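Chains as they are written, first to last, in this note's numbering: chain A, 4 to 422; chain B, 4 to 422.
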């Protein structure tokens, strides 16, 4: 039963649930840069470019909304540059909705992957104003240079090793400068390697940061002439007690929407559980985003549990590795939904890369040509494959929306995943 | 004074000189895949792809005709694959004119760059049917594995070192399979390192190969349902006597058009002389192509001397190295017609990459965004810069055609090159 259109917290945004099917819903998210029909896939444009595509390609494949990474853009070209150029929409000439993450995920994943000697750190410290609380290592982070305090995080650039200081307030400020429609609150992102105790501490810190993010958000103004919304992030790893606790805490805060972040466990079943402990307990009338998930089976599972939007690098990254997304190849199911265009069997194959696909690539080129372009390392290969994979994701989401409206979601799920 | 439309040797092709200005001319080349207004720049798509662009990009920037490389396509994906897929036009979905070279240039340049031990050569010989004349080294070729005989050439693949045998007959056959509109006769391409005597021998071999190319061309049929034309190639290095001799010999053969190949000397003046010894002595009513030339000053010099078409990798290669072609930057002349978009001065520059340029890139994006894309190694950078540079070349050629028609060629030349 539709709930009717609901204003989100921030004027200029609204979310309407149009249809329901169990916990799943079809919705419409209004933003200052247009509407997003949900469930929707959010294409990732890490460095203010969806790799190999121009904005008109994205429009052509039906992309409604893209995701850019605060960590990367903070380091290069720098938020002040993007702000001077009029924000991300003007900078990259994408005039539809944009989300930015808070930088948390990359700070903890990329920052943690840089290993250097301690002496070298010490030599850089003196020039910078230290945080109010002495930095300490995350216990499970090994030689990581990420140093978390309640105040914020020291991390190193993966580009040049330079040290940087991030806080919830800085993350809001940087995202104000970048100028996306939807911002995320700064969180501490934990991995399956973190134990219960550390995950609990990180979650509690994320909760304190959520309050500070909201405060910084309300104390600041958009810089680019349109309102911005702020989503909160639920953490707690794959621990039921923590996820339930985090959901209770984050859900009652006046965020415009909610994201599920951090570790979703090690198995599909772990992920389903995390979604069950979290999503149904978030406010029904606000949008829910699942961070970093984009496999076909995971999307069906998450939609069924009430998720509205997804971002994931997999479809675009796979494309650059010659992987085309498809349900079947020549009548045979593809369990991993992937065709490797470098495979020698395609060398002389005149057929469309994915027969029956209406994407600009499959309507125009043969398997033999795509195979040749990948073998010859031609730049056009990456674009043609990315066009196909994003078209595939957007088409899948459209099929899911239609099936939810027609009450045939389970039939569609069986069609894709088997019974 | 126009000469009126002239049929070329092959039905389906015609060349009409519309206007003259000294030795320069404005023309219209008719091919089975449409017309080419000359003087024209031929974009290079070595491996059946103009690097980073799709055919619709090429149309958008005004590209009339493209050039593909027989050597590369022979090695990968193989001419039989391109033939099975319906020829280059169908393979790469470019429905406008295409030229292919004969493979000669790459055989002698890429083939010569692979150096291996002599023992290793000997061990490979026995398995293959040797040419009728024993192979001998080109005297100035050093340790090259290119082995030229009057019969043909042994060369090695730059991809895997495998040995291959090319003759004028094979070059025609391969180009029949590739299915371009315009083919080139197989030639021995000499460099400025070759002395007079070797250049003379190579030229004479090229002349014998020209006769064999014509014979093979007439003894074979097009494979893809439309006629193909064959151009002859004038050789002779930078030696006046040889160039004049080669022009006399090649010009009297029933080729559809003529290309100037081989060494054009070491200086601009050398090139002007070679053009003066050759171009005006070619049949007036047939098209003339200058191989591998594409710098602005060279194009003005060659057009003035009667050249109709040019191919060159420079504009597209430069684009991939962040170089945008322009006459001026912010009012200041650019002597090398090049802007380096990686330059730090563009980091915050909101202006169009080349102000006043009507190309899709300059109409849409800022210098700051292009600078960011190049610094971040984003794939989109290569495409946006290539779009600009090919638009620039096509626009330059259009300005040259208009100036020739209006009698203002010298004014235009001064505008571009100074007095």
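Where a beta carbon is used, it is the ideal one built from N, C-alpha and C, also for glycine. Since we're looking at a predicted model, the values are computed, not measured.
Any C-beta of chain B under 8 Å from that of residue i
i                      : result
residue 401 of chain A : no
residue 375 of chain A : yes
residue 214 of chain A : no
residue 96 of chain A  : yes
residue 350 of chain A : yes
residue 371 of chain A : yes
residue 381 of chain A : yes
residue 50 of chain A  : yes
residue 57 of chain A  : yes
residue 54 of chain A  : yes
residue 137 of chain A : The pLDDT assigned to residue 137 of chain A is 35, lower than 50, so where the model puts this residue is not dependable; a value taken from the coordinates is nonetheless given after this. No, no contact with chain B.
Proximity test, Cβ basis, 8 Å: residue i and chain A
i                      : result
residue 418 of chain B : no
residue 226 of chain B : no
residue 132 of chain B : Note that residue 132 of chain B scores 35 on pLDDT, short of 50, meaning its location in the model is unreliable and no value can be drawn from it.
residue 422 of chain B : no
residue 87 of chain B  : yes
residue 152 of chain B : no
residue 294 of chain B : no
residue 80 of chain B  : yes
residue 84 of chain B  : yes
residue 354 of chain B : no
residue 378 of chain B : yes
residue 312 of chain B : no
residue 367 of chain B : yes
Identity of the residues DSSP links to residue i by a beta bridge
i                      : result
residue 322 of chain A : DSSP output for residue 322 of chain A lists no bridge partner at all.
residue 43 of chain A  : A/312
residue 28 of chain B  : B/23
residue 54 of chain B  : Bridge partners of residue 54 of chain B: none, in fact.
residue 169 of chain B : B/156
residue 293 of chain B : B/263 and B/313
residue 17 of chain A  : A/10 and A/33
residue 38 of chain B  : B/33
residue 425 of chain B : There is simply no residue 425 of chain B to check, as chain B begins at 4 and stops at 422 in what is shown.
Cβ-Cβ separation, residue j to residue i (assumed contact under 8 Å), whole Å
i                      : j                      : result
residue 235 of chain B : residue 253 of chain B : 4 Å
residue 46 of chain A  : residue 69 of chain A  : 5 Å
residue 308 of chain A : residue 84 of chain B  : The pair is not a contact, with the Cβ atoms about 47 Å apart (cut-off 8 Å).
residue 100 of chain B : residue 37 of chain B  : 6 Å
residue 232 of chain A : residue 187 of chain A : Actually they do not touch by this definition, with Cβ atoms about 10 Å apart.
residue 410 of chain B : residue 24 of chain B  : 7 Å
residue 169 of chain B : residue 189 of chain B : 7 Å
residue 2 of chain B   : residue 105 of chain B : Nothing in the structure corresponds to residue 2 of chain B, since chain B is present only between 4 and 422.
residue 195 of chain A : residue 266 of chain A : 5 Å
residue 193 of chain A : residue 240 of chain A : 5 Å
residue 57 of chain B  : residue 375 of chain A : Actually they are not in contact, since the Cβ atoms of residue 57 of chain B and residue 375 of chain A sit about 14 Å apart, beyond 8 Å.
residue 78 of chain A  : residue 214 of chain A : So it is not a contact: roughly 27 Å between Cβ atoms.
Short CB-CB distance (under 8 Å) between residue i and chain D
i                      : result
residue 385 of chain B : Chain labels in this structure do not include chain D; the protein chains are A and B.
Q: Check whether the segment 179-197 of chain B touches the segment 214-234 of chain B, counting contact only when three or more Cβ pairs, one atom from each stretch, lie closer than 8 Å.
A: yes
Q) Would you call the segment 404-411 of chain A and the segment 374-391 of chain A touching, i.e. three or more CB-CB distances under 8 Å? A) no
Q | beta strand (DSSP E) runs wholly inside the segment 323-373 of chain B, at least 3 long, in chain order | A | 326-328 and 341-343
Q. When the Cβ atoms of the segment 288-300 of chain A are set against those of the segment 361-368 of chain A, are three or more pairs found closer than 8 Å?
A. no
Q) Using 8 Å as the threshold, is the segment 277-284 of chain A in touch with the segment 9-21 of chain A, meaning 3 or more CB pairs across them? A) no
Q. Which ranges does the beta strand (DSSP E) cover as unbroken runs of at least 3 residues, wholly within the segment 181-251 of chain B, from first to last along the chain?
A. 185-187 and 232-237
Q) At a cut of 8 Å, does the segment 210-219 of chain A reach the segment 88-98 of chain A through at least three beta carbon pairs? A) no
(Q) Check whether the segment 192-210 of chain B and the segment 241-260 of chain B are in contact - that is, three or more C-beta pairs closer than 8 Å. (A) yes
Q.
Taking contact to mean 3 or more Cβ pairs, one atom from each stretch, closer than 8 Å, check whether the segment 53-69 of chain A and the segment 389-397 of chain A are in contact.
A. yes
Q) Does the segment 350-359 of chain A come close enough to the segment 323-342 of chain A that 3 or more CB-CB pairs lie under 8 Å? A) yes
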